[in-house]
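The block underneath contains the structure these notes are about, expressed in structure tokens.
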Amino acid sequence: MHISNISISNFRNYTQLELNLPEGLTLLTGKNGHGKSNLLEALYLLAMARSARASIERELINHNSAPTSEQELTYAKVSANTHNGELSNKIEIHYRCLFSENKDGFATQKYIRINGSPKRSSDLIGTLNAVLFTADDLDIVFGNPTVRRRYLDILISQIDKHYLEALKRYQEANRHRNHLLRSIREGVSTQDELQFWDDQLAQHGCEIIKTRMKVVDRLSELLKPFHMQLDTAKESLQLLYRPTIPGEEGTPTSSSILLALEKCRAKDIAQGSTSVGPQRDDMSILINQNDASRYASRGQARTAVLALKLAESTYLKERRGSEPLLLLDDLLSELDATRRRQIMEHITQYQQCIVTSAELDSIPNEFVSVANNLLVDNGTITSA
0 MHISNISISN FRNYTQLELN LPEGLTLLTG KNGHGKSNLL EALYLLAMAR SARASIEREL
60 INHNSAPTSE QELTYAKVSA NTHNGELSNK IEIHYRCLFS ENKDGFATQK YIRINGSPKR
120 SSDLIGTLNA VLFTADDLDI VFGNPTVRRR YLDILISQID KHYLEALKRY QEANRHRNHL
180 LRSIREGVST QDELQFWDDQ LAQHGCEIIK TRMKVVDRLS ELLKPFHMQL DTAKESLQLL
240 YRPTIPGEEG TPTSSSILLA LEKCRAKDIA QGSTSVGPQR DDMSILINQN DASRYASRGQ
300 ARTAVLALKL AESTYLKERR GSEPLLLLDD LLSELDATRR RQIMEHITQY QQCIVTSAEL
360 DSIPNEFVSV ANNLLVDNGT ITSA
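Read in numbering that gives the first Met the number 0, the sequence shown has 40 at position 41, and its numbers run on one by one without any break.
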């Protein structure tokens, strides 16, 4: 799987960009703040229909292009041609920018097209598979459980449409149930009304938990050889899924979820939110059987996350039958020379990988000599 070219208009610090991307290794170098990460963000956006960094989509828009009056409309766009064997697609993500009274002065509306046809975000996910490596990945170890759940949801959604649909339905049912819990607390509604939403949570929650557990088990197997190669201390690394609802042999069932919801009903009404279920679960990362979030050093955590992301790449290839696009954002500078070479040796086996670095010195010479070398300078990209 690879991208042959990308077109960008009014995205971050890019006013206009047309860039051809060959298969193999592409190295992007340039000073910090000039647009290296923004290009990887645009590429990842084409895979997931959402930014890996921005929580508000108008943050993606080049503010010099924002509308200045109610009569003015402006546009931003990211598009690319993707190829997976003999299958090719043109993916387009458009943002229409309208004048607004919010703090940024404008609002955005997003439109997605695949081969010219309008699509939903859920239709896009899985068309292009990508794995993004960044320094922020340490949050998978040290961040709160929300970060780890989101990591799993993003990964699984790329290869399982049924999971993505179950997740959407579960989240919708959970929002309705939480609203109803608060309404019951205020004396407006009755507890009898909870049963419908409890049934929905049990049905879809069971599918979500079972799928997550299978994926975590497989990732835990796949990451071990990578961790063994990267870790000079030869420590053990393991992933465990931690459901908030107990079940037979550790796997919750629909009936066990319903029972747990009933047991927690009084507590849920008091706090106005659902206290058990996949939205409360966690994934433990264990180094030598110790919880890495509490006991790991930054060096240990970095090695664990690198092994996890390499396992993720392998898992996507295993499930989809094609290699994902690999994106490494200024990560190698934090590693020693041995680990840099180990990472580069692995990722360059993939059909296409794009690596950013402020300095070429952080890339082993044998990879620089065979790469497509590009220089990023204040929103423009040229051959290096």
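Virtual Cβ for every residue (Gly too), placed ideally from N, Cα, C.
The Cβ atoms of D267 and T210 do not sit closer than 9 Å to each other. With a beta-carbon spacing of about 6 Å, G29 and L374 fall inside the 8 Å limit used to define contacts. The region 252–261 makes contact with the region 194–213, as at least three CB pairs between them are under 8 Å. Listed in chain order, the non-local C-beta contacts of Q350 below 7 Å within the same chain comprise M0, H1, E22 and E322, local neighbours out to five positions each way being set aside. By the criterion of at least three beta-carbon pairs nearer than 8 Å, the region 280–293 is not in contact with the region 85–99.
Taking each of Q341, G186 and R319 in turn and checking the Cα distance to G84, the smallest one comes out for R319.
When DSSP states are grouped into helix, strand and coil, P21 belongs to the coil group. Using a Cβ distance threshold of 9 Å, L180 and S68 do not count as a contacting pair.
Per the coordinates, the alpha-carbon of A269 lies some 13 Å from the alpha-carbon of K262.
G125 is the residue among S296, A306, G125 and S87 whose C-alpha sits nearest the C-alpha of D152.
When DSSP states are grouped into helix, strand and coil, T337 belongs to the helix group. Pairing L236 with L222 gives a Cβ-Cβ distance under 9 Å. According to the DSSP assignment, L44 belongs to the alpha helix (DSSP H) that extends over K35 to M47.
Within the DSSP secondary-structure output, C352 pairs in a beta bridge with L24 and L325. Counting only unbroken stretches of 4 or more residues, the alpha helix (DSSP H) elements lying wholly within the region 254–332 are 264–270, 291–294 and 297–319, in sequence order. Considering only I286, E171 and F10, the residue with the shortest C-alpha distance to K35 is F10.
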